[in-house]
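For reference, the structure discussed in these notes is given below.
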Amino acid sequence: MLLIRPANVQDAPLIYRMLRELADFERESHLCVIAEADLVRDGFGDKPKFTALIAEWDGAPAGYAVFFDCYSTWVGPELYLEDLYVRPEFRRKGIGMSLLSQVARVALQRGRSMRWEVLDWNRGAIALYKSLGAEFRDQWKSVAMGEDAIRRLAERNS
Numbered sequence: 224m225l226l227i228r229p230a231n232v233q234d235a236p237l238i239y240r241m242l243r244e245l246a247d248f249e250r251e252s253h254l255c256v257i258a259e260a261d262l263v264r265d266g267f268g269d270k271p272k273f274t275a276l277i278a279e280w281d282g283a284p285a286g287y288a289v290f291f292d293c294y295s296t297w298v299g300p301e302l303y304l305e306d307l308y309v310r311p312e313f314r315r316k317g318i319g320m321s322l323l324s325q326v327a328r329v330a331l332q333r334g335r336s337m338r339w340e341v342l343d344w345n346r347g348a349i350a351l352y353k354s355l356g357a358e359f360r361d362q363w364k365s366v367a368m369g370e371d372a373i374r375r376l377a378e379r380n381s
């Protein structure tokens with residue numbers, strides 16, 4: 224039986240383990256530098272920076288979703304889905320779809336559209352998202368900048 228529930232501070236170690244699993248799955252574990260203490264501070268403090276849901280299958284941790292509110296100057300308030308992960312042994316049980324549906328309900332409650340990214344090699348996820356009516360904006364490139372690059376940019380003289 225599937226249960227999806229809001230995460231609490233006691234779930235931080237579990238979220239950390241699963242996000243490491245996700246980073247391995249996405250072949251990007253070298254980019255995952257966050258610490259468990261960061262999750263505690265950022266997700267469960269006075270002003271949480273993200274919301275997390277935990278999926279349990281018969282009481283066992285099966286997956287999670289992490290999302291946060293953001294703003295688009297073109298469409299207004301959005302909900303950004305940062306992570307959606309189901310552990311391999313729990314896949315093909317509808318857990319990912321249930322997590323995604325729950326995030327969609329939160330977006331509706333908050334009056335927001337939804338946005339997220341998917342790796343170009345994750346054909347199964349791409350096919351699923353297309354079947355749900357998701358829009359792909361292939362002409363846009365995701366951009367990220369790490370601390371060293373940010374520091375160099377901030378120190379530039381204009």
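So for the sequence shown, my numbering puts the first residue at 224; every next one is plus one. Glycine included, each C-beta is placed from N, C-alpha and C at the ideal position. These numbers come from a predicted model, not from an experiment.
Worksheet item: From the DSSP output, which residues share a beta bridge with VAL309?
Response: Paired residue(s): GLY286.
Fill in: Rounded straight-line distance, which links the Cα of GLU279 to that of ASP361
Annotation: ASP361 to GLU279 spans about 34 angstroms, alpha carbon to alpha carbon.
Worksheet item: Does DSSP put GLU378 in a helix, a strand or coil?
Response: Note: GLU378 maps to coil in three-state DSSP.
Item to complete: Mind the definition here: the segment 351-368 touches the segment 255-272 only if three or more C-beta pairs lie below 8 angstroms; say whether that holds.
Response: The way I'd put it, the segment 351-368 doesn't touch the segment 255-272; fewer than three beta-carbon pairs between them come closer than 8 angstroms.
Discussion item. Tell me the rounded alpha-carbon separation between GLU378 and ALA367.
Written reply: Cα to Cα, the separation comes out at about 18 angstroms.
Worksheet entry | MET224, buried or exposed, once every other Cβ within 10 Å from all chains shown has been counted against 16 | The residue is exposed, with fewer than 16 neighbouring Cβ atoms inside 10 Å.
Worksheet item: For the beta strand (DSSP E) that contains ALA327, what are its first and last residues?
Response: Run containing ALA327: none in the beta strand (DSSP E); it sits in the alpha helix (DSSP H), 318-333.
Discussion item. I'd like to check one pair, PHE290 with LEU386: are the Cβ atoms closer than 7 angstroms?
Written reply: Limits of the chain in this structure are 224 at one end and 381 at the other, which puts residue 386 out of reach.
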